[in-house]
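Residue numbers (UniProt numbering): 1 to 137. Here's the structure, in structure tokens; my notes come after.
See the structure below:
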């Protein structure tokens, strides 16, 4: 398969495929006499794994580790599960942080009159202790 075919099958752009190759996340494809890459099923599986792992939040380094595990015939599913549960825990922390940000912004928006006055509780709050009352500049 050429890079265009692989891009269609994996849902990745040609640029992303080349990026993953440059980072060493994909087994280097064979090259024809014309210099074009020729991809096999192995690269297709690696690239699909990378795309899907990135979609659920794994970092590039974590993806590298998953590709290594993908090729390890002696891997233990317990290790993959542990990495996945760790990612779930990280995502849960991120969700809590985002919810706190949302709640703060909603409270600020609620406190703001949203009229023609210069007084803005949102700006005052975000500026914190460093701005005096009525200071504009």
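Where is the CB? At the ideal position from N, CA and C, for every residue including glycine. Owing to the predicted nature of the structure, the values given are computational and were not obtained by experimental measurement.
Contact check, residue i vs residue j, beta carbons under 8 Å
| i | j | result |
| --- | --- | --- |
| residue 53 | residue 63 | yes |
| residue 49 | residue 6 | no |
| residue 1 | residue 36 | no |
| residue 12 | residue 51 | yes |
| residue 17 | residue 47 | yes |
For residue i, the three-state DSSP class (helix, strand or coil)
| i | result |
| --- | --- |
| residue 75 | coil |
| residue 30 | strand |
Cβ shell of residue i (< 7 Å), same chain only, five flanking positions each side left out
| i | result |
| --- | --- |
| residue 66 | 49, 53 and 58 |
Neighbourhood of residue i by C-beta, 8 Å cutoff - its chain only, sequence neighbours within 5 removed
| i | result |
| --- | --- |
| residue 91 | 57 |
N-terminal and C-terminal residue of the alpha helix (DSSP H) that residue i is part of
| i | result |
| --- | --- |
| residue 47 | 41-55 |
Residue i burial status per 10 Å Cβ neighbour count (16 or more: buried)
| i | result |
| --- | --- |
| residue 26 | buried |
| residue 28 | exposed |
| residue 95 | exposed |
Spatial neighbours of residue i in its chain, beta-carbon cut-off 6 Å, leaving aside the 5 residues before and after
| i | result |
| --- | --- |
| residue 122 | 108 and 112 |
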